[in-house]
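Residue numbers (my numbering): 106 to 641.
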Ligand SMILES: [Zn+2]
């Protein structure tokens, strides 16, 4: 036996939710789970023995919706997050400081910008960015990843000027005189985003793998052992291929493939004109991702009026016909389809497309994914269940802006609910939790805290407490549910004989502490295939 971990509080997350004291590992796989007495018999001369002194060990957290290729560049980008920044000036000063150290012409990336949290409650303009960084193209990513803010050099490299029409799924915001003001919503950000990513691949060459490795280690520090990148453009795929060939991806990274642009229709993936993203044991694929509704200017909702009238609110990306064709072509080829739906009207369109695809090619477990599923109704949840849909939710969204989602649900009236996790479980839907980092907070324990307490970052009373789940149910969403969403439930998600020994050791048992303490629980160790890769 290579490794025997003893004296633990083992949450196996198996179908019976068994508990144990010890786990034995050989060649990266769990070979036995049981009592200290039983497993001590497996200790041989070369066995490494770890004593947990009562700490809790469970399967590594799985984060199937995360913007890993974007947040990989954080250490070489300017931190524009709000907070700590509170004003445009403060962000502009930070950008100016960073620009002074860059050679002219080199792309400057920023991350974490949030208009609605700034004192001015507006975006930074291209002219403010020009002043801060006169000699460098600038691309500041919005924290939602649905917009970016560009200066004149970046706009010009991307070929965006006053005569450029808005792209199909996006808006170029303009000043009164018709000039683009630097804010690029949704599909309008694609060219600037792509150029800045491409440039960083060129600046770093093979060394981009170090950035990917560093990001993997950051995730391991939160107990995350598998990640799904929720939108991989071709240059992000290249970033991963380089990293994988240099053996710099210690976690499992699942690529959800999109089009050439972040928000463009993934037609080529759907038609099978590009590979499915399966590269190696560490770098996987098999999923197509598309966006059904935007963040800017508004997601796609249905508002219910007394008397049964329905009003369409916000934008939607695809007509039903186009959605049906994208989804069914991918489904025909055996690709998993994941659709971003924030609003209830987007959910309807996605469900219709899933139904259409399933009629053409019935399969037992289609494992369609709805990403976010944030504002929805009970009947939609029931319909999703009948179509074999997995809900990939973000409890961290409840933590950062639960009140706003609740208000939105109330505004849409009818039976509309916000992040209704209890309702989803009650209807038998498979639910997977995820971070959607940087859109939501990265630590799974923050998400778990929010799901269980329904409390938010702003403090005060719980928001929609009727949708709370218990800690064990929440942990299932980060382990077994998430493994199912990624098609990996036979391999990871629970500590059972034959599964990978991806494990996390916590200072406290989330099912036993005061729920308010859950987000203060420390991640002490993280193992990948029985190898200790993170220690607090
Ligand atoms: Zn996302």
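We put the beta carbon where it would ideally sit given N, CA and C, even for glycine.
| query | result |
| --- | --- |
| Taking one C-beta from the stretch 372–384 and one from the stretch 274–284 each time, how about it: are there three or more such pairs within less than 8 Å? | no |
| Is the closest heavy atom of ligand 1 to the C-beta of residue 304 under 7 Å? | no |
| Taking only heavy atoms of ligand 1 into account, decide whether any of them is closer than 7 Å to the Cβ of residue 295. | no |
| Starting from residue 334, follow its DSSP beta bridges and name the residues at the other end. | 171 and 360 |
| Could you check if residue 604 is buried or exposed, using at least 16 other CB atoms within 10 Å of its CB as the buried criterion? | buried |
| Does ligand 1 have a heavy atom nearer than 7 Å to the CB of residue 446? | no |
| Is there at least one non-hydrogen atom of ligand 1 closer than 7 Å to the beta-carbon of residue 335? | yes |
| Determine the burial state of residue 542: buried for a count of at least 16 other Cβ atoms within 10 Å of its Cβ, exposed for fewer. | buried |
| Could you pull out every residue in the same chain whose Cβ sits closer than 8 Å to the Cβ of residue 318, ignoring the five residues on either side in sequence? | 348, 353, 354 and 355 |
| Is the beta carbon of residue 212 closer than 8 Å to that of residue 169? | no |
| Assuming residue 142 is part of the alpha helix (DSSP H), what are its boundary residues? | 141–145 |
| Specify, as a first and last residue, the run of the beta strand (DSSP E) that residue 473 falls within. | 473–477 |
| Any heavy atom of ligand 1 closer than 7 Å to the CB of residue 253? | no |
| What does DSSP give as the partner residues of residue 184 in its beta bridges? | 216 |
| Can we count residue 172 as close to ligand 2, meaning its CB is less than 7 Å from some heavy atom? | Ligands displayed in this structure: ligand 1; ligand 2 is not among them. |
| Residue 247: which of 302, 598, 186 and 459 sits nearest, CA to CA? | 186 |
| What residues are listed by DSSP as bridge partners for residue 409? | 415 |
| Which one or two residues does DSSP pair with residue 544 in a beta bridge? | For residue 544, which the question treats as bridged, DSSP gives no partner whatsoever. |
| Would residue 372 pass as a contact of residue 431 if the rule is Cβ separation under 8 Å? | yes |
| Which of helix, strand or coil does DSSP assign to residue 193? | helix |
| Among the candidates 208, 634, 593 and 182, whose CA atom is the shortest distance from the CA of residue 199? | 182 |
| Of the choices 581, 569 and 568, whose alpha-carbon is the least far from that of residue 663? | Nothing about residue 663 can be read from this structure; the chain reaches only from 106 to 641. |
| Less than 7 Å separating the Cβ of residue 544 from some heavy atom of ligand 1? | yes |
| Helix or strand or just coil, what does DSSP make of residue 200? | helix |
| Name, in chain order, the residues that DSSP records as bridge partners for residue 161. | 114 and 611 |
| Which residue wins for smallest C-alpha separation from residue 166, given the options 288, 321 and 219? | 321 |
| Quick check: what's the CA-CA separation for residue 445 versus residue 475? | 6 Å |
| Verify whether the separation of the beta carbon atoms of residue 611 and residue 288 is less than 8 Å. | no |
| Just to confirm my understanding: we take residue 340, look at its own chain, exclude 5 residues before and 5 after, and list those with CB closer than 7 Å. What are they? | 299, 302, 303 and 306 |
| Taking the CB atoms as reference points, tell me whether residue 271 and residue 256 lie closer together than 8 Å. | no |
| Pick from 291, 129 and 408: whose alpha carbon is nearest that of residue 519? | 408 |
| Counting pairs of Cβ atoms below 8 Å between the stretch 106–120 and the stretch 129–144, do you hit three or more? | yes |
| Which of the three DSSP states, helix, strand or coil, is assigned to residue 268? | coil |
| Are the CB atoms of residue 158 and residue 147 within a distance shorter than 8 Å? | no |
| Can you check DSSP and say which residues form a bridge with residue 529? | Paired residue(s): none; residue 529 is not in a bridge. |
| When the Cβ atoms of the stretch 450–459 are set against those of the stretch 486–500, are three or more pairs found closer than 8 Å? | yes |
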